[in-house]
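According to UniProt numbering, the sequence shown is numbered sequentially starting from 1.
The structure appears below as structure tokens.
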Amino acid sequence: DLLQDGFGKHPFYYCLVAEVENKKQTERSCTVGYAMYNFNYDPRIGKLLYLKDFYIMELYRGKCICYQSHSFNIIQTALETNCSCMQFLVLISNKPSVEYYIRCGASNLSTEEGWHLFRFNKETLLRMAAE
Numbered sequence: 001d002l003l004q005d006g007f008g009k010h011p012f013y014y015c016l017v018a019e020v021e022n023k024k025q026t027e028r029s030c031t032v033g034y035a036m037y038n039f040n041y042d043p044r045i046g047k048l049l050y051l052k053d054f055y056i057m058e059l060y061r062g063k064c065i066c067y068q069s070h071s072f073n074i075i076q077t078a079l080e081t082n083c084s085c086m087q088f089l090v091l092i093s094n095k096p097s098v099e100y101y102i103r104c105g106a107s108n109l110s111t112e113e114g115w116h117l118f119r120f121n122k123e124t125l126l127r128m129a130a131e
């Protein structure tokens with residue numbers, strides 16, 4: 001499903017890969033991270049980029065990989081596709097990331113707008129559809 005959903009005729013998600021040049025000229029570049037995202041639409045704010053998964057190897061965190069690599073620039077992707085914003089989830093227990101994103105200027109919608117995130121799992125959807 002992962003290949004079909006991301007690389008099929010109608011992709012449900014997109015992926016960017018972060019690479020750094022290997023210091024040894026004989027070797028190819030090294031993959032150090034990735035970002036998976038999709039586009040969503042909110043009638044109140046318009047098109048948005050939803051960052052679903054984001055990972056940078058610990059050795060490369062804080063080294064501005066997101067800004068230096070044109071092919072991995074998720075911020076530029078949001079701007080080039082005319083998105084009104086970029087949204088993402090962060091675990092409440094991941095305090096360093098929460099603090100980092102707030103320092104960067106992100107709005108914490110949980111506290112600022114009072115939103116709760118809900119999910120119906122597949123079993124619940126099937127039960128509800130059968131009722």
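Glycine is no exception: its CB is placed at the ideal position from the N, C-alpha and C atoms.
Contacting residues, own chain, Cβ-Cβ under 7 Å from residue i (five flanking each side not counted)
i, result
"Ser84", "Ile45, Gly46, Lys47, Leu48"
"Tyr55", "Gly33, Tyr34"
Same chain, Cβ closer than 8 Å to residue i, five either side skipped, listed in chain order
i, result
"Tyr60", "Ala18, Val20, Val32, Gly33"
"Tyr50", "Tyr37, Asn38, Phe39, Asn40, Met86, Gln87, Phe88"
Three-state class that DSSP yields for residue i in the structure shown
i, result
"Asp5", "helix"
"Arg119", "coil"
"Asp112", "One detail in the question is off: residue 112 reads as Glu in this sequence, not Asp. Helix at Glu112."
Residue j beta carbon less than 8 Å from that of residue i
i, j, result
"Ile74", "Leu125", "no"
Beta-carbon contacts of residue i that lie in its chain and below 6 Å, excluding the five residues immediately before and after
i, result
"Ser97", "Val90"
"Glu123", "none"
Whole-Å CB distance - residue i paired with residue j, under 8 Å assumed
i, j, result
"Tyr13", "Asp5", "6 Å"
"Asn94", "Ile102", "That belief does not hold up - the Cβ atoms of Asn94 and Ile102 are roughly 12 Å apart, past 8 Å."
heavy atom of the ligand FMN below 7 Å from residue i C-beta
i, result
"Glu58", "For the structure depicted, the ligand FMN is absent and the ligand set is empty, with no information on it obtainable."
- request: For the UniProt domain "N-acetyltransferase" (11-105), list the alpha helix (DSSP H) runs that are entirely contained and at least 4 residues long, ordered along the chain.
  value: Complete alpha helix (DSSP H) runs here, min 4: 65-68, 74-80, 95-104.
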